[in-house]
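Residue numbers (my numbering), protein chains in the order written: chain A, 204 to 362; chain B, 235 to 919.
Okay, structure coming up:
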């Protein structure tokens with residue numbers, strides 16, 4: 204026969220165990236390949252330039268992906284992981300230059316040049332342009348149809 | 235012996251090209267036709283000479299002459315003969331000879347045309363083509379000699395020189411290193427020649443443009459003479475780009491066909507200016523306008539052609555394409571700068587004589603829309619040029635290298651592509667000359683409204699909710715409807731007026747104005763490609779997983795089941811890991827795929843070859859990412875679902891076929907060329 208104190212000890216130990224289990228941090232599932240690739244896709248290793256990290260077949264890139272997986276497992280966020288690689292290898296690991304310092308030029312110059320081109324074109328339109336002559340609506344099947352006339356004229360010039 | 239012969243013929247080519255350029259310029263300036271004729275003969279001599287050099291290289295490659303450095307670096311015993319032949323353009327020095335061979339061939343073709351009516355252009359065409367040829371030949375003669383042999387000093391140091399240096403003995407490796415594995419794909423065998431053909435053909439319209447400037451001809455004769463050259467150049471460049479995309483899709487193993495790689499962009503930039511040029515020259519032909527702009531566009535195209543070769547060949551940018559690293563960069567840089575400055579100076583010198591013969595009558599006229607088209611193409615060019623250049627600038631000024639990758643290009647060019655699609659629909663409805671917004675709007679609104687059926691149907695029946703995709707598909711529908719209506723209206727008009735049957739009227743319409751209707755079919759090819767591009771850009775999905783044998787990985791309707799993996803060595807120096815996977819769609823067995831990873835021992839280079847199940851609707855694309863060789867457990871696969879990607883290739887085929895149609899010579903066209911001494915009266919149509 205078991206003494207009541209022994210039962211108390213067993214139940215107490217079980218309760219303590221359960222409490223400890225409940226209070227222990229629950230283990231998150233390991234990061235999936237897709238989570239790793241989602242970050243790796245935005246990065247390039249300095250050796251295999253122009254091949255995104257998620258599809259690069261080299262051993263070095265596989266190690267980088269493993270590092271991303273480790274950091275994700277440790278609970279790092281995407282931006283923390285990217286910052287870590289930038290710190291280690293420089294900004295070239297990112298698919299686009301971070302918008303700071305001289306890098307602003309990469310984002311500003313194309314639209315500025317395009318807008319300047321658009322302005323020049325607009326000025327050219329203004330300086331060349333004359334008021335449009337109103338066109339008389341034409342019957343579609345008529346012999347005076349400007350479309351037919353245009354077509355005939357072009358075909359005549361070709362033949 | 236062969237090497238000496240080849241090198242000697244290159245030296246002779248260099249001398250002939252320099253003499254040709256000098257004699258032609260002297261003959262033109264001093265008005266001594268005998269010098270021009272002598273220069274023409276020198277030009278005609280260059281092609282057989284470069285052919286001799288190219289044939290010598292091929293003979294050395296096929297004959298396993300590993301004592302020649304180039305042969306040892308790009309071939310090996312294990313390579314089949316056809317790859318040994320195509321190794322001519324597989325390495326730096328050989329590809330420069332190939333470039334020169336094409337240049338001399340085109341120069342010869344231009345030299346053999348009938349020059350009766352355009353005698354004053356001839357000397358300057360010779361000058362431009364021969365200066366370009368002399369430049370490329372100088373690179374191989376002085377810097378990248380493909381005929382250098384291998385020697386060894388007595389203390390074992392390997393050196394390369396054409397003739398035996400003192401204190402050395404000949405070195406003959408027993409086998410070569412072999413061609414870069416990435417270049418062994420059949421697509422890669424024809425991709426570079428197509429790009430080079432495109433690049434080099436663009437030299438001819440440029441040469442005629444510069445000749446017109448130098449000779450003081452302000453009419454559009456140079457454009458008319460080179461119209462077909464330009465189209466053919468554009469055709470080859472387009473074909474080269476499409477083949478390059480296909481190669482990337484099949485060989486590079488990243489699930490796509492276009493990675494905004496700097497060297498892809500290098501080939502794309504002259505295509506952009508060339509496309510703008512093809513559109514804007516029509517305005518000069520029809521209305522005598524934009525003479526300065528067209529000249530500038532062809533100068534830009536030429537400079538970008540040389541710049542593209544420079545990027546590919548100088549190793550200034552490391553990328554999947556830039557296999558070669560060499561010291562020819564500064565030479566290229568100097569040549570690009572010099573030719574650009576001289577060309578622009580000539581243009582400025584003739585600025586006053588190139589005034590337009592007409593004014594823009596309306597911003598709704600076709601010429602205005604073509605100008606907008608040019609603006610958009612230039613916008614894309616600026617994005618590309620700046621994106622390629624910026625990492626170099628950053629490295630130069632801050633010492634920090636940066637990557638300008640796909641997200642930048644996609645964001646920056648996206649709206650410009652949308653604008654171009656819209657113009658592709660609107661421009662065919664506009665007229666040259668006076669055209670009011672009202673008349674254009676009248677033509678436009680019904681077709682625009684009709685094309686709304688496409689996004690509405692996609693939203694209702696296919697559940698597409700992405701706004702960008704719906705706008706894209708709407709524009710695609712719009713362009714298709716406008717193009718078909720243009721064909722229908724034209725054929726109907728002919729059918730009624732000439733009492734021709736409708737199919738005959740349609741045929742005659744397309745055949746008699748091949749450039750216009752070929753152009754419309756090219757538009758159809760472009761929008762088909764756009765269907766695929768939107769599919770892969772907006773609806774591509776992917777997943778990756780590590781599987782034991784018999785385990786499955788699902789993506790959308792597809793399921794992949796891993797069956798087995800084998801690993802073996804091949805006779806051509808590869809270790810191949812090849813997986814067998816079964817593919818199911820909605821539970822139905824669709825077949826087996828064999829994704830593999832090849833590892834080339836000699837170059838220590840891995841290569842991922844996807845397994846692809848391809849249908850018109852989509853591609854199921856499987857990559858073998860990693861595996862455990864011993865237990866054969868835990869093999870990792872990456873799978874992509876690429877909806878509509880085959881529309882890219884289908885559209886590409888239509889695009890190429892239609893460009894051929896547009897460029898195909900016609901008897902009518904020839905008779906027009908013969909009969910038209912001056913530019914025809916400006917058509918106000």
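Don't be surprised by glycine CBs; every beta carbon is placed ideally from N, CA and C. What you are looking at is a predicted structure, and each value in this text was computed from that prediction instead of being measured.
What does residue i reach in chain A if we use C-beta pairs closer than 7 Å?
| i | result |
| --- | --- |
| residue 646 of chain B | 313 |
| residue 831 of chain B | 260 |
| residue 617 of chain B | 313 |
| residue 983 of chain B | Chain B is shown from 235 up to 919; residue 983 of chain B falls before or after that span and cannot be answered. |
On the premise that residue j lies in contact with residue i, defined as a C-beta separation below 8 Å, what is that separation, rounded to the nearest angstrom?
| i | j | result |
| --- | --- | --- |
| residue 525 of chain B | residue 450 of chain B | No, residue 525 of chain B and residue 450 of chain B are not in contact; Cβ-Cβ is about 13 Å, not under 8 Å. |
| residue 320 of chain B | residue 434 of chain B | At roughly 17 Å, the Cβ-Cβ gap does not stay under 8 Å, so residue 320 of chain B and residue 434 of chain B are not in contact. |
| residue 715 of chain B | residue 681 of chain B | 5 Å |
| residue 253 of chain A | residue 495 of chain B | 5 Å |
| residue 651 of chain B | residue 748 of chain B | With 8 Å as the limit, residue 651 of chain B and residue 748 of chain B do not qualify as a contact, their Cβ atoms being about 27 Å apart. |
| residue 881 of chain B | residue 765 of chain B | 4 Å |
| residue 382 of chain B | residue 394 of chain B | 4 Å |
Label residue i either buried or exposed according to how many other C-beta atoms from any shown protein chain fall within 10 Å of its C-beta, with 16 as the threshold for buried.
| i | result |
| --- | --- |
| residue 258 of chain B | buried |
| residue 527 of chain B | buried |
| residue 332 of chain B | buried |
| residue 403 of chain B | exposed |
| residue 803 of chain B | exposed |
| residue 852 of chain B | buried |
| residue 243 of chain B | buried |
| residue 429 of chain B | buried |
| residue 676 of chain B | exposed |
| residue 233 of chain A | exposed |
| residue 326 of chain B | buried |
| residue 256 of chain A | buried |
| residue 236 of chain A | buried |
| residue 482 of chain B | buried |
| residue 776 of chain B | buried |
| residue 575 of chain B | exposed |
| residue 461 of chain B | buried |
Which residues in the same chain as residue i place their Cβ atom closer than 6 Å to its Cβ, once the five residues preceding and following it in sequence are excluded?
| i | result |
| --- | --- |
| residue 281 of chain B | 338, 339, 342 |
| residue 773 of chain B | 877 |
| residue 437 of chain B | 366 |
| residue 478 of chain B | 425 |
| residue 770 of chain B | 876, 879 |
| residue 540 of chain B | 570 |
| residue 868 of chain B | 780, 862 |
Note down, in chain order, each residue of its chain lying with its Cβ closer than 7 Å to the Cβ of residue i, except the 5 sequence neighbours on either side.
| i | result |
| --- | --- |
| residue 359 of chain B | 344, 441, 442, 445 |
| residue 728 of chain B | 734, 739, 742, 743 |
| residue 413 of chain B | 308, 309, 313, 317, 321, 324 |
| residue 375 of chain B | 244, 245, 248 |
| residue 306 of chain A | 300 |
Note down, in chain order, each residue of its chain lying with its Cβ closer than 8 Å to the Cβ of residue i, except the 5 sequence neighbours on either side.
| i | result |
| --- | --- |
| residue 753 of chain B | 892, 896 |
| residue 249 of chain A | 292, 293, 295, 296 |
| residue 922 of chain B | This structure cannot settle anything about residue 922 of chain B, because the visible part of chain B is limited to 235 through 919. |
| residue 661 of chain B | 600, 603, 604, 607 |
| residue 378 of chain B | 326, 327, 330, 560, 562 |
Just to make sure I have the definition right: I need the residues of chain B whose C-beta is within less than 8 Å of the C-beta of residue i. Which are they?
| i | result |
| --- | --- |
| residue 321 of chain A | 609 |
| residue 292 of chain A | Going along chain B, no residue has its Cβ under 8 Å from residue 292 of chain A, so there is no contact; the nearest lies around 10 Å. |
| residue 299 of chain A | 637, 638, 639, 641, 642 |
| residue 265 of chain A | 860 |
Using a C-beta to C-beta distance shorter than 8 Å, which residues of chain E count as neighbours of residue i?
| i | result |
| --- | --- |
| residue 286 of chain A | Reference to chain E is not applicable here, since the protein chains of this structure are A and B. |
Using a cut-off of 9 Å between C-beta atoms, extract the partners of residue i located in chain A.
| i | result |
| --- | --- |
| residue 620 of chain B | 308, 309, 312, 313, 316 |
| residue 488 of chain B | 254, 255, 257, 258, 259 |
At a CB-CB cut-off below 7 Å, which residues of chain B make contact with residue i?
| i | result |
| --- | --- |
| residue 295 of chain A | 635, 636, 637 |
| residue 324 of chain A | 605, 609 |
| residue 305 of chain A | 628, 631, 632 |
Going along chain A, which residues have a C-beta under 8 Å from residue i?
| i | result |
| --- | --- |
| residue 495 of chain B | 253 |
Q.
For a minimum of 4 consecutive residues, which ranges assigned as the alpha helix (DSSP H) are wholly contained in the segment 372-397 of chain B?
A. none
Q | Contiguous beta strand (DSSP E) assignments of at least 3 residues, all confined to the segment 400-488 of chain B | A | 402-404
**Q.** 4-residue-minimum alpha helix (DSSP H) runs that sit fully inside the segment 268-309 of chain B, ordered along the chain
**A.** Fully enclosed alpha helix (DSSP H) runs of no fewer than 4 residues occupy 303-308 of the segment 268-309 of chain B, in order along the chain.
Q | Runs of beta strand (DSSP E) lying entirely within the segment 766-797 of chain B, each at least 3 residues, in chain order | A | 775-781, 786-789
Q.
For a minimum of 4 consecutive residues, which ranges assigned as the alpha helix (DSSP H) are wholly contained in the segment 663-748 of chain B?
A. If only complete runs of 4 or more residues are kept, the segment 663-748 of chain B shows the alpha helix (DSSP H) at 671-685, 687-695, 701-732, 736-746, in order along the chain.
Q.
If we require 3 or more residues per run, which beta strand (DSSP E) segments fall completely within the segment 249-300 of chain A?
A. none
Q: Could you name each continuous alpha helix (DSSP H) segment of 4 residues or more that falls completely within the segment 593-651 of chain B, going from the start of the chain to the end?
A: 600-632
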